[in-house]
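**Q** First residue of the sequence shown: 1, per the UniProt record's numbering; consecutive thereafter. Quick reminder that beta carbons are idealized off the backbone N, C-alpha and C, glycines included. Quick caveat, the model's predicted, so the values are computed rather than measured. One structure follows; several queries about it will come next.
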Amino acid sequence: MTRQEFRQLLEKRTVFIDGATGTELQKRGMPAGVCPEKWILENSWAIQEVQKAYYEAGSDIVLAPTFTGTRIKLAEYGLENDLVEINRKLVRLTREIAPAGKFVAADISMTGKQLYPIGDLMFEDLVDCYKEQVQAILSEGVDLFVVETMMSLQECRAAVLAIKESCDLPIIVSLTYNPDGKTLYGTSPETAIIVLQSMGVDCVGMNCNTGPDAMLELVNQMAPVANVPIMVKPNAGLPELENGKTVYKMTPVEFTDACEKLYEAGASLFGGCCGSTPDHIRELVLRLKDKKAHQIQDKPLRVVTSERMNTWIDLDGNFMVIGERINPTGKKKFQETLRNGSLSMVVDFAREQEERGASILDVNMGMNGIDEKQMMLDSIYEVTSAVDLPLCIDTSHVDVMEAALRIYPGRALINSISAEEEKMESMLKLAKKYGAMFITLPLSGAGLPKDINEKKQHIDTVLNKAAELGIRKEDAVIDVLVQTVGAEGTAALQCFETIEYCKYELGLPTVCGLSNISFGMPNRGFVNTTYLTIAVSKGLTMAIANPNQEMLMYCAAAADTLMNKPGALEKYAALPVVETKAAPAQAAGNAQAAPASSGGLTVSNACDGVGPVAECVIKGKKGQIVAEIQKLLDEGIEPQTIIEKHLIKGINVVGELYDKKKYFLPQLIAGANAMEIGMKHIEPLLASKDTEAKAKIVIATVEGDIHDIGKNLVALMLKNYGFEVIDLGKDVPAETIIDKAVEVNADIIGLSALMTTTMMRMDDVVKLAKEKGCNAQIIIGGACINETFKDEINADGYSEDAAECVKLVQRLMNI
Ligand code: THG
Numbered sequence: 001m002t003r004q005e006f007r008q009l010l011e012k013r014t015v016f017i018d019g020a021t022g023t024e025l026q027k028r029g030m031p032a033g034v035c036p037e038k039w040i041l042e043n044s045w046a047i048q049e050v051q052k053a054y055y056e057a058g059s060d061i062v063l064a065p066t067f068t069g070t071r072i073k074l075a076e077y078g079l080e081n082d083l084v085e086i087n088r089k090l091v092r093l094t095r096e097i098a099p100a101g102k103f104v105a106a107d108i109s110m111t112g113k114q115l116y117p118i119g120d121l122m123f124e125d126l127v128d129c130y131k132e133q134v135q136a137i138l139s140e141g142v143d144l145f146v147v148e149t150m151m152s153l154q155e156c157r158a159a160v161l162a163i164k165e166s167c168d169l170p171i172i173v174s175l176t177y178n179p180d181g182k183t184l185y186g187t188s189p190e191t192a193i194i195v196l197q198s199m200g201v202d203c204v205g206m207n208c209n210t211g212p213d214a215m216l217e218l219v220n221q222m223a224p225v226a227n228v229p230i231m232v233k234p235n236a237g238l239p240e241l242e243n244g245k246t247v248y249k250m251t252p253v254e255f256t257d258a259c260e261k262l263y264e265a266g267a268s269l270f271g272g273c274c275g276s277t278p279d280h281i282r283e284l285v286l287r288l289k290d291k292k293a294h295q296i297q298d299k300p301l302r303v304v305t306s307e308r309m310n311t312w313i314d315l316d317g318n319f320m321v322i323g324e325r326i327n328p329t330g331k332k333k334f335q336e337t338l339r340n341g342s343l344s345m346v347v348d349f350a351r352e353q354e355e356r357g358a359s360i361l362d363v364n365m366g367m368n369g370i371d372e373k374q375m376m377l378d379s380i381y382e383v384t385s386a387v388d389l390p391l392c393i394d395t396s397h398v399d400v401m402e403a404a405l406r407i408y409p410g411r412a413l414i415n416s417i418s419a420e421e422e423k424m425e426s427m428l429k430l431a432k433k434y435g436a437m438f439i440t441l442p443l444s445g446a447g448l449p450k451d452i453n454e455k456k457q458h459i460d461t462v463l464n465k466a467a468e469l470g471i472r473k474e475d476a477v478i479d480v481l482v483q484t485v486g487a488e489g490t491a492a493l494q495c496f497e498t499i500e501y502c503k504y505e506l507g508l509p510t511v512c513g514l515s516n517i518s519f520g521m522p523n524r525g526f527v528n529t530t531y532l533t534i535a536v537s538k539g540l541t542m543a544i545a546n547p548n549q550e551m552l553m554y555c556a557a558a559a560d561t562l563m564n565k566p567g568a569l570e571k572y573a574a575l576p577v578v579e580t581k582a583a584p585a586q587a588a589g590n591a592q593a594a595p596a597s598s599g600g601l602t603v604s605n606a607c608d609g610v611g612p613v614a615e616c617v618i619k620g621k622k623g624q625i626v627a628e629i630q631k632l633l634d635e636g637i638e639p640q641t642i643i644e645k646h647l648i649k650g651i652n653v654v655g656e657l658y659d660k661k662k663y664f665l666p667q668l669i670a671g672a673n674a675m676e677i678g679m680k681h682i683e684p685l686l687a688s689k690d691t692e693a694k695a696k697i698v699i700a701t702v703e704g705d706i707h708d709i710g711k712n713l714v715a716l717m718l719k720n721y722g723f724e725v726i727d728l729g730k731d732v733p734a735e736t737i738i739d740k741a742v743e744v745n746a747d748i749i750g751l752s753a754l755m756t757t758t759m760m761r762m763d764d765v766v767k768l769a770k771e772k773g774c775n776a777q778i779i780i781g782g783a784c785i786n787e788t789f790k791d792e793i794n795a796d797g798y799s800e801d802a803a804e805c806v807k808l809v810q811r812l813m814n815i
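Shown next, in the form of structure tokens:
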């Protein structure tokens with residue numbers, strides 16, 4: 001099927017995909033914990049029976065059972081050398097029974113390994129890993145690709161690049177959202193669809209984790225920004241436990257009632273995940289097949305994103321600042337730290353600019369004596385872990401730009417593309433391939449434009465070339481190219497004219513490098529600010545500037561207020577009162593007028609008064625924490641005090657921010673890692689009585705389950721709180737766990753399971769502990785686990801996440 005045929009099909013009618021495969025295979029005898037590929041190939045009748053039933057029920061598309069056919073997954077069973085053969089055979093099984101006129105999709109999913117900088121899998125290695133599977137699948141032949149049950153947007157991007165660099169077949173990408181409406185990594189459905197459709201994905205959706213009711217809100221979020229059809233593959237309700245088995249009780253009729261609401265909210269493609277059966281699909285098809293197809297309007301979307309945040313670029317919106325500080329130009333000390341390979345200032349600049357109200361951050365690593373490409377990549381890793389803001393990638397080198405766009409986990413802003421024939425074309429192709437927005441610089445190879453007409457010509461040249469390549473003009477932001485007013489008296493006037501031309505004739509947003517205007521002049525701040533306020537009144541959308549400059553930020557907000565922009569007055573009124581050198585009486589008046597602190601913990605006040613060591617934990621500064629601890633030690637502060645009053649204080653704040661959804665997984669892990677580095681430095685200094693652990697904990701992911709992100713984090717947090725943790729890893733049999741607990745006389749056994757199919761292994765551990773007289777208290781956790789399940793299997797405790805787990809252990813140990 002071509003991409004165009006896929007689109008035409010969805011313009012004609014609602015389309016149906018298959019339902020659950022895993023739970024259907026279990027009904028036919030597939031035991032938990034086996035390699036699914038191997039079992040399927042040995043029991044091909046089972047998969048073919050399931051798939052035939054789905055086609056007969058009315059599925060247009062059925063997924064070949066290739067979901068764990070990557071080298072990384074197969075290696076867990078020692079089958080990586082059979083990768084090509086396994087994938088080809090799996091696809092063949094489905095093709096053999098696919099009726100004429102129906103479609104076979106390849107199924108691609110998570111590898112279970114985490115990407116750098118959270119894990120150690122490098123992005124390009126993941127792309128290659130997916131590519132190997134994709135090419136094996138293509139050698140057998142499929143109609144389209146479905147990338148599904150994804151928890152990380154960045155891993156979706158890797159799979160999409162692997163497919164796009166191998167073929168031109170349609171791609172559907174489907175993520176799994178938690179009950180809070182975000183992925184495990186903090187991505188919203190809105191961000192996901194913006195990023196993926198801009199990369200040329202043909203359909204975006206969601207599957208697993210929730211029943212169809214909870215998906216309504218997610219579809220509602222996606223529909224207004226969707227330029228491609230939306231797919232829904234819900235579970236048949238939420239899992240319940242019955243006689244030690246997980247069951248999904250939603251009936252086909254209930255399931256379809258809920259899916260009908262999803263249709264009305266804008267979904268076009270329907271299927272099912274865990275617990276759904278051919279009966280569910282049959283009912284779906286019966287009731288939804290004659291619904292009118294949604295005609296999806298191709299809306300231009302002026303928005304850039306990170307993995308966790310969107311910044312909309314609105315022609316009539318509030319003025320925005322692109323933070324300029326991550327740029328070594330003119331900064332001696334910064335250059336020196338970069339030459340020494342340290343990125344600590346990059347992270348500081350990022351956080352500081354976020355706090356000061358920047359909407360996007362510019363990252364520029366252009367200087368002598370460093371490897372620009374490597375530094376750009378390292379900076380992006382650091383900045384995207386430290387802050388939520390989208391990035392503007394500032395380099396004139398095509399190869400640096402491409403390397404950066406590949407690993408950037410969102411929709412970036414390219415800075416910049418000028419009208420230089422060859423480079424223009426390669427840069428525009430990058431914008432297209434990676435779905436980025438871009439700043440157009442009205443320059444050619446021949447130097448600065450001599451007047452506004454020449455500027456207009458250059459803008460035309462770039463936009464025409466973009467149109468030729470299938471890029472819409474709404475992806476462009478025009479740099480009005482500020483020159484210094486000291487050398488050219490009409491510099492500002494020319495810019496104002498360009499701003500108005502772009503806004504009112506082209507309908508495009510504008511940007512400028514603000515400080516250029518005052519180059520070579522005294523008291524530059526006044527010139528910059530005055531220029532800015534006039535430019536805002538002419539319609540300037542944003543500027544690359546330093547948001548640390550208070551006068552600039554206040555005047556920009558004041559200008560928005562005077563222009564009566566939406567929400568501007570409220571925003572201005574909420575700015576803190578500036579301390580001036582006013583007479584004492586007036587100063588006192590000001591102090592009273594200062595807005596009462598909003599109360600409660602926020603990212604920006606999290607470090608107030610906690611001291612530098614705790615701050616390193618809160619901000620995940622692993623490069624500085626040892627030096628800060630050493631300073632305290634040199635002052636004669638006791639190691640134990642540093643742990644209790646500084647490190648633990650810091651990690652508590654991290655836990656609290658995480659609880660409040662102000663931090664997501666990356667920041668939690670960064671904080672825990674920084675703390676671990678700190679602990680390693682202190683541990684040898686503790687007097688022996690202090691090193692006696694507060695409790696001994698044996699921890700493991702249960703047999704059959706190979707998910708260990710959560711388990712690892714729990715282990716790290718517990719270690720940080722001074723517990724002795726013996727981590728047995730993943731896929732651990734009950735016997736091994738109990739034997740170890742008995743051997744070390746553990747106080748507590750911690751068990752993790754992510755899948756409903758493996759949660760019953762926890763019950764085995766509890767029973768075996770009784771049998772073998774092991775007295776450790778058993779605590780459990782994982783995505784599918786809850787308090788009720790804990791009671792059901794008679795475990796001693798349950799916690800929802802790593803921070804809660806620490807509190808649980810403290811409670812159980814009476815600490
Ligand atoms: N248009 C576009 N991109 C741009 C520019 C532009 N990117 C780079 C630049 N111009 C904007 N960024 C900066 C970054 C730093 C400074 C100015 C512009 C700067 N540095 C101080 C100096 O040179 O003295 C250092 C001061 C400090 O410590 O902050 O001023 O026009 N599209």
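Going straight from the alpha carbon of R325 to that of Q295, what length do you get?
**A** Numbered from its first residue, the sequence shown carries residue 325 at position 325. Numbered from its first residue, the sequence shown carries residue 295 at position 295. Each residue's alpha carbon lies about 44 Å from the other.
**Q** Any heavy atom of the ligand THG closer than 7 Å to the Cβ of R325?
**A** As a position in the sequence shown, residue 325 is number 325, starting the count at 1. Yes.
**Q** So, for E24: in the same chain, excluding its five sequence neighbours on each side, which residues have a beta-carbon less than 6 Å away from its beta-carbon?
**A** Reading the sequence shown from its first residue, position 24 is the one you call residue 24. For E24, where only same-chain residues beyond five positions count, the Cβ hits under 6 Å are V50.
**Q** Please classify M551: is it buried, with 16 or more other beta-carbons within 10 angstroms of its beta-carbon, or exposed?
**A** By 1-based counting over the sequence shown, the position of residue 551 is 551. Exposed: under 16 other Cβ atoms inside 10 Å.
**Q** Would A446 be called buried (16 or more neighbouring beta carbons within 10 Å of its own) or exposed?
**A** Your numbering for residue 446 matches position 446 in the sequence shown. Looking at its Cβ environment, which holds fewer than 16 other Cβ atoms inside 10 Å, A446 is exposed.
**Q** Name the two residues that bound the continuous alpha helix (DSSP H) containing R3.
**A** The residue labelled residue 3 in the question sits at position 3 within the sequence shown. Start and end: 3-12.
**Q** What's the call for P300, buried or exposed, on a 16-neighbour Cβ count within 10 Å?
**A** Sequence index remark: in the sequence shown, residue 300 carries index 300 (1-based). By the neighbour-count rule (16 or more Cβ atoms within 10 Å), P300 is not buried but exposed.
**Q** M437 lies in the beta strand (DSSP E); which residues open and close that run?
**A** To locate residue 437, count along the sequence shown from 1; it is residue 437. Start and end: 437-441.
**Q** Any beta-carbon of chain C closer than 8 Å to the one on T14?
**A** Absent here is chain C; the protein component of the structure consists of one chain.
**Q** Which partner residues of Q777 appear in the DSSP bridge assignment?
**A** Residue 777 sits at position 777 when you count from the first residue of the sequence shown. Q777 pairs with I748.
**Q** Which residues in the same chain have their Cβ closer than 8 Å to the Cβ of I651, if we skip the five residues on either side of it in sequence?
**A** The residue given as residue 651 occupies position 651 in the sequence shown. Same-chain partners within the cutoff: V617, G671, A672, M675, M717, N720, Y721.
**Q** Assess contact between the segment 169-189 and the segment 138-155, defined as three or more Cβ pairs (one per stretch) separated by less than 8 Å. Is contact present?
**A** Cβ pair count under 8 Å is three or more, so yes.
**Q** Judging by CA-CA distance, which residue of A223, G244, E242 is the nearest neighbour of L262?
**A** By 1-based counting over the sequence shown, the position of residue 262 is 262. With distances taken between Cα atoms, L262 lies closest to A223.
**Q** Is there at least one non-hydrogen atom of the ligand THG closer than 7 Å to the beta-carbon of D394?
**A** Here residue 394 refers to the residue found at position 394 of the sequence shown. Yes, Cβ of D394 sits closer than 7 Å to a heavy atom of the ligand THG.
**Q** Less than 7 Å between the CB of C512 and some heavy atom of the ligand THG, yes or no?
**A** If you number the sequence shown from 1, residue 512 lands on position 512. Yes, the beta carbon of C512 sits closer than 7 Å to at least one heavy atom of the ligand THG.
**Q** With a CB to CB cut of under 8 Å and the five nearest residues on each side skipped, what residues in its chain are close to N516?
**A** Here residue 516 refers to the residue found at position 516 when the sequence shown is read from its first residue. If we look at N516 and ignore the five residues flanking it on each side, its Cβ neighbours are V482, Q483, T484.
**Q** With distances taken between CB atoms, is the gap from T68 to C129 smaller than 8 Å?
**A** One-based indexing of the sequence shown puts residue 68 at position 68. One-based indexing of the sequence shown puts residue 129 at position 129. No; because the gap between Cβ atoms is not below 8 Å, this pair is not in contact.
**Q** Return the chain-ordered ranges of every beta strand (DSSP E) run that is complete within the segment 353-384 and spans a minimum of 3 residues.
**A** Taking only runs of at least 3 residues, the beta strand (DSSP E) segments lying wholly in the segment 353-384 are 360-363.
**Q** Using only the alpha-carbon positions, how far apart do K113 and E76 sit?
**A** Reading the sequence shown from its first residue, position 113 is the one you call residue 113. Reading the sequence shown from its first residue, position 76 is the one you call residue 76. Answer to the nearest angstrom: the Cα atoms are 11 Å apart.
**Q** At a cut-off of 7 Å, would you count S416 as near the ligand THG, judging by its Cβ distance to the nearest heavy atom?
**A** In the sequence shown, residue 416 corresponds to position 416, counting from 1. Yes - the ligand THG has a heavy atom lying nearer than 7 Å to the Cβ of S416.
**Q** Helix or strand or just coil, what does DSSP make of M206?
**A** Looking up residue 206 in the sequence shown gives position 206. DSSP places M206 in strand when its eight states are reduced to three.
**Q** Would you mind sorting G678 into buried or exposed? The rule is 16 or more other CB atoms within 10 Å of its CB.
**A** Along the sequence shown, read from residue 1 onward, the residue named residue 678 stands at position 678. G678 should be labelled buried.
**Q** I'd like the ranges of any beta strand (DSSP E) spanning at least 3 consecutive residues and lying wholly in the segment 505-557.
**A** Segments of the beta strand (DSSP E) lying fully in the segment 505-557: 510-513, 542-545.
**Q** Could you check if G330 is buried or exposed, using at least 16 other CB atoms within 10 Å of its CB as the buried criterion?
**A** Here residue 330 is taken as the residue at index 330 of the sequence shown, counted from 1. That one is exposed.
**Q** Measuring only the C-alpha atoms, how far is T541 from M427?
**A** Mapped onto the sequence shown, residue 541 falls at position 541. Mapped onto the sequence shown, residue 427 falls at position 427. About 23 Å.
**Q** Do K331 and the ligand THG come close, with the Cβ less than 7 Å from some heavy atom?
**A** Mapped onto the sequence shown, residue 331 falls at position 331. Yes, since a heavy atom of the ligand THG falls inside the 7 Å radius drawn around the Cβ of K331.
**Q** Which partner residues of A105 appear in the DSSP bridge assignment?
**A** What you label residue 105 is simply residue 105 of the sequence shown in a count that begins at 1. BP columns for A105 point to L63, L144.
**Q** Would you identify the three-state DSSP class for F349, choosing helix, strand or coil?
**A** As a first step, residue 349 is located in the sequence shown; it is residue number 349 there, counting from the start. F349: helix per DSSP, three-state reduction.
**Q** Under the assumption that I17 contacts V91 (Cβ atoms under 8 Å), give the Cβ distance between them as a whole number of angstroms.
**A** Taking the sequence shown and counting its residues from 1, the one referred to as residue 17 is at position 17. Taking the sequence shown and counting its residues from 1, the one referred to as residue 91 is at position 91. With a Cβ gap of about 16 Å, I17 and V91 do not count as contacting.
**Q** Under 7 Å from any heavy atom of the ligand THG, does the C-beta of I313 make it?
**A** Counting from one through the sequence shown, the residue named residue 313 turns up at place 313. Every heavy atom of the ligand THG is 7 Å or more from the Cβ of I313, so no.
**Q** Mark A386 as exposed unless 16 or more other C-beta atoms lie within 10 angstroms of its C-beta, in which case mark it buried.
**A** For the purposes of this step, residue 386 is taken as residue 386 along the sequence shown, with counting starting at 1. Its Cβ being crowded by 16 or more others within 10 Å, A386 is buried.
**Q** Under a Cβ-count criterion, where at least 16 other Cβ atoms within 10 Å of its own Cβ denotes burial, should I815 be classed as buried or exposed?
**A** What you label residue 815 is simply residue 815 of the sequence shown in a count that begins at 1. Looking at its Cβ environment, which holds fewer than 16 other Cβ atoms inside 10 Å, I815 is exposed.
**Q** Quick one: grab the DSSP three-state call for A419.
**A** One-based indexing of the sequence shown puts residue 419 at position 419. In this structure, A419 counts as coil in the three-state DSSP scheme.
**Q** Note down the Cα distance separating V304 from D60, rounded to an integer number of angstroms.
**A** Here residue 304 refers to the residue found at position 304 of the sequence shown. Here residue 60 refers to the residue found at position 60 of the sequence shown. One C-alpha to the other measures close to 35 Å.
**Q** Once the 5 residues before and after L9 are set aside, which same chain residues still bring their CB inside 7 Å of it?
**A** Taking the sequence shown and counting its residues from 1, the one referred to as residue 9 is at position 9. Same-chain partners within the cutoff: V15.
**Q** Output the distance between the C-alpha atoms of A802 and K790, rounded to the nearest integer angstrom.
**A** Stepping through the sequence shown from its first residue, residue 802 is reached at position 802. Stepping through the sequence shown from its first residue, residue 790 is reached at position 790. Distance between the alpha carbons of A802 and K790 is about 17 Å.
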